[in-house]
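Chains as they are written, first to last, in our numbering: chain C, 7 to 389; chain D, 1225 to 1528.
Even for Gly, the Cβ is constructed at its ideal location relative to N, Cα and C.
Some notes on the structure that comes next.
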């Protein structure tokens, strides 16, 4: 396996509706910024991996139309789509393509333009015999699992609201983030409209228009092109049962994330993730999920996630800052959201995260979450 | 590139299957491939699946087949494109050292959908989709530029195909020695529809990896994705040159991809190649394409 590193990233400004650009132009914006960040031209890109959930915009094979925005004309283009994990799965696919030795430089671009479609309709297109009637869409099925998680772990609405506040405060330092809510407080989260008990409006992620690109280079090129590349150390995927009813205690166990993290930590040699990882960009579609992911990722013992946020351990100035970018709770163009996690983790390692840069990052974690409980884990490092 | 062994292949027939679901259909192809390879699902490290959401009427259409491809608590990547592209990606993940044994599966149940309506949504929504273009209309346009008769619509076809790839094999097996794929221009008005630069580029990449200097000499036989009649002649001329078109059309199998579901056809071509190479030695080419007038093109070279 060739060593591979991220040498550049680029994002659009994420927002509710980018009426001024097409999907192709949106992808071109992120691509152009990533190329500039990497200091290369599109002619140096050997292959392209795209990520998008086409039914959110009601398209068929959107890469046919949008691919040229990523410079895909006459180049090898592969589109990966696995629900919410599309972006991280595309990043893992791009990593594999680069590590295969067939390509020196691989561009990964994820995008979503929710304003052009009906996301809830797209999410309702689940199994037509069973799940479509009972568990379609993110809010309802999350509320089911969260209720079980709250009952078993005893986390409180206040602790979940602290996660929501942390995300939006971090987003205020990220000019690309969609939600900009400087004055957000725990009280405001708890006073926001109840969507499905116990999930309030401000506990949930938004729907965003946006694109994000990551550029990988094989070792020789990476060393020449980037003073501080973000080396890929582990990339692990786990999928799970396709029916919500078969996922007993989903958030409590989150077995896909737990198992993927275990394998990734083993590959890198991490035994105490809270101490050894410097920053984490994790895919948290709802505030309660971040608490559950803390346990699955081994940041704390089972039942200790609430204490972690109470003690400020995952705040910007804490022991392990989680989602300095503002996370999915602040920005969520689904096909891009996983790519954003990897791009933000890489930018932290490369020292290019701007106002939300964490000091002295050597080891960064990025995760993806999709469908009912699919997980991706990537670990990037400075060396 | 390091050769990748093709340990097993399996597929369903491609008749409409109103009596079985997508997972049941995929299960049959997967089990056939495992049996052919003499493996069980426990031997598989990862999967690459190929399907299209709008054809399946499902968001993240691989959700429906998670169990039957053995992806519960296991790695899977899903390519939204032709199965031959999924095979290329599976081979790359092996070359990357990520996995030893990879199952590649493609499926489509076109009897469930409205082909004309779905393929109309493949065109950009600003200029081409409003014209009412779909796969058949676009192919008729391409056929007319070649002075060939308008194509008949593809028959409704349902089915799945599966192969198993590995970096190692206890027995001599056909092995993948070259692969390439590329996207062409999207706007039909910007394309020379009598040509396919994407296919030429895909083939160039595959030949380079396979150390093939003269494809006319070195390729023993070819399996083309010719869902429309006129495509066989076009793809053959792009791969081997117009002057030798007749000779190399003769090298193509009598077995047409017409009647094989979209997204399955390329993997089906690869299976045809593997089955023939088990009986005779040689170097063969499998071709896949997807999108309007073959906008996406993939080529795999296999040797026994």
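Give me, in chain order, the residues of the same chain whose beta-carbon lies closer than 8 Å to that of residue i; leave out the 5 immediate sequence neighbours on both sides.
{"i": "residue 1470 of chain D", "result": "With a pLDDT of only 46 at residue 1470 of chain D, under the threshold of 50, the placement of this residue in the model should not be trusted; the figure read from the coordinates follows. For residue 1470 of chain D, where only same-chain residues beyond five positions count, there are no Cβ hits under 8 Å."}
{"i": "residue 224 of chain C", "result": "8, 9, 10, 104, 105, 107, 109, 110, 111"}
{"i": "residue 1281 of chain D", "result": "1336, 1337"}
{"i": "residue 1263 of chain D", "result": "1231, 1232, 1325, 1388"}
{"i": "residue 1259 of chain D", "result": "1232, 1234"}
{"i": "residue 1459 of chain D", "result": "1420, 1423, 1448, 1449, 1450, 1511, 1513, 1518"}
{"i": "residue 1241 of chain D", "result": "1249, 1333, 1335, 1382, 1383"}
Using a Cβ-Cβ cut-off of 6 Å (strictly less than) and excluding sequence neighbours within five positions of residue i, which residues of its own chain qualify?
{"i": "residue 1468 of chain D", "result": "Because the pLDDT of residue 1468 of chain D is 48, which lies under 50, any placement of that residue in the model is unreliable, and the number read from its coordinates should be weighed accordingly. Around residue 1468 of chain D: 1440."}
{"i": "residue 72 of chain C", "result": "29, 30, 33"}
{"i": "residue 1497 of chain D", "result": "1447, 1508, 1510, 1526"}
{"i": "residue 1378 of chain D", "result": "1451"}
{"i": "residue 16 of chain C", "result": "36, 39, 40, 43, 219"}
{"i": "residue 123 of chain C", "result": "62, 63, 64"}
{"i": "residue 1374 of chain D", "result": "1364, 1367"}
{"i": "residue 371 of chain C", "result": "283, 286, 385"}
Sort the options by Cα distance to residue i and report the nearest one.
{"i": "residue 1426 of chain D", "options": "C:36, C:385, C:82", "result": "C:82"}
{"i": "residue 121 of chain C", "options": "C:378, C:87, C:152, C:212", "result": "C:212"}
{"i": "residue 404 of chain C", "options": "C:326, C:298, C:170, C:145", "result": "What the structure shows of chain C is the stretch from 7 to 389, and residue 404 of chain C is not part of that stretch, so it cannot be assessed."}
{"i": "residue 147 of chain C", "options": "C:386, C:55, C:170, C:378", "result": "C:378"}
{"i": "residue 1351 of chain D", "options": "D:1412, D:1443, D:1389", "result": "D:1412"}
{"i": "residue 1272 of chain D", "options": "D:1260, D:1314, D:1321", "result": "D:1314"}
{"i": "residue 1405 of chain D", "options": "D:1308, D:1317, D:1257", "result": "D:1308"}
{"i": "residue 118 of chain C", "options": "C:206, C:230, C:302, C:23", "result": "C:23"}
{"i": "residue 100 of chain C", "options": "C:89, C:187, C:91, C:113", "result": "C:113"}
{"i": "residue 1516 of chain D", "options": "D:1275, D:1409, D:1369, D:1323", "result": "D:1409"}
{"i": "residue 1443 of chain D", "options": "D:1243, D:1383, D:1431", "result": "D:1431"}
{"i": "residue 263 of chain C", "options": "C:80, C:375, C:25", "result": "C:375"}
{"i": "residue 1277 of chain D", "options": "D:1243, D:1228, D:1229, D:1304", "result": "D:1304"}
Excluding the 5 residues flanking residue i on each side, which residues of the same chain have their C-beta closer than 7 Å to its C-beta?
{"i": "residue 1292 of chain D", "result": "1247, 1250, 1251, 1254"}
{"i": "residue 163 of chain C", "result": "196, 204"}
{"i": "residue 48 of chain C", "result": "41, 77"}
{"i": "residue 1301 of chain D", "result": "1272, 1313"}
{"i": "residue 349 of chain C", "result": "15, 17, 218, 220"}
Can you check whether the C-beta of residue i is within less than 8 Å of a C-beta belonging to chain D?
{"i": "residue 230 of chain C", "result": "no"}
{"i": "residue 77 of chain C", "result": "no"}
{"i": "residue 235 of chain C", "result": "no"}
{"i": "residue 384 of chain C", "result": "no"}
{"i": "residue 248 of chain C", "result": "yes"}
{"i": "residue 84 of chain C", "result": "yes"}
{"i": "residue 9 of chain C", "result": "no"}
{"i": "residue 73 of chain C", "result": "yes"}
{"i": "residue 151 of chain C", "result": "no"}
{"i": "residue 120 of chain C", "result": "no"}
{"i": "residue 156 of chain C", "result": "no"}
{"i": "residue 108 of chain C", "result": "yes"}
{"i": "residue 377 of chain C", "result": "yes"}
Would you say residue i reaches chain C, if we count a Cβ-Cβ gap shorter than 8 Å as a contact?
{"i": "residue 1290 of chain D", "result": "yes"}
{"i": "residue 1286 of chain D", "result": "yes"}
{"i": "residue 1436 of chain D", "result": "no"}
{"i": "residue 1350 of chain D", "result": "yes"}
{"i": "residue 1391 of chain D", "result": "no"}
{"i": "residue 1311 of chain D", "result": "no"}
{"i": "residue 1469 of chain D", "result": "With a pLDDT of 49 at residue 1469 of chain D, under the threshold of 50, the modelled position of that residue is not reliable, and no figure is offered here."}
{"i": "residue 1343 of chain D", "result": "yes"}
{"i": "residue 1317 of chain D", "result": "yes"}
CB of residue i to nearest heavy atom of the ligand ATP: below 7 Å?
{"i": "residue 1517 of chain D", "result": "Within the structure as shown, the ligand ATP is missing, as the structure has no ligands at all."}
Considering only residues of the region 1372-1401 of chain D, which uninterrupted beta strand (DSSP E) runs meet the minimum length of 3 residues and lie entirely inside it, listed in chain order?
1382-1390
In chain order, which continuous runs of the beta strand (DSSP E) of length 3 or greater are located wholly inside the region 134-171 of chain C?
none
Could you tell me which uninterrupted alpha helix (DSSP H) segments, each at least 4 residues in length, are contained entirely in the region 1228-1263 of chain D, listed from first to last along the chain?
1246-1261
Cβ contact (3+ pairs, closer than 8 Å) linking the region 1385-1400 of chain D and the region 1483-1503 of chain D:
yes
Pair every Cβ in the region 242-258 of chain C with every Cβ in the region 1278-1295 of chain D, then say whether three or more of these pairs are closer than 8 Å.
yes
Inter-stretch contact at 8 Å, needing at least 3 Cβ pairs: the region 175-194 of chain C / the region 64-71 of chain C:
no
Does the structure place the region 331-338 of chain C close enough to the region 248-266 of chain C that three or more beta carbon pairs sit under 8 Å?
no
Counting only runs of 4+ residues fully inside the region 1273-1348 of chain D, write out the alpha helix (DSSP H) ranges in chain order.
1277-1280, 1307-1319, 1339-1344
Taking any Cβ of chain A, which residues in the region 1406-1418 of chain D have a Cβ under 8 Å from it, in chain order?
Structure shown: chain A not included; protein chains present are C and D.
Check whether the region 150-162 of chain C touches the region 300-315 of chain C, counting contact only when three or more Cβ pairs, one atom from each stretch, lie closer than 8 Å.
yes
Inter-stretch contact at 8 Å, needing at least 3 Cβ pairs: the region 359-375 of chain C / the region 167-185 of chain C
yes
Please specify which runs of the alpha helix (DSSP H), each continuous and at least 4 residues long, are wholly inside the region 271-345 of chain C, giving them in chain order.
279-282, 293-302, 311-316, 333-336
Residue ranges of each alpha helix (DSSP H) within the region 239-276 of chain C, 4 or longer
256-259, 261-274
Tell me whether the region 87-102 of chain C and the region 343-362 of chain C touch, counting them as touching only if at least three CB pairs, one residue from each stretch, are closer than 8 Å.
yes
Length-filtered (3 minimum) beta strand (DSSP E) runs lying within the region 22-74 of chain C:
53-57
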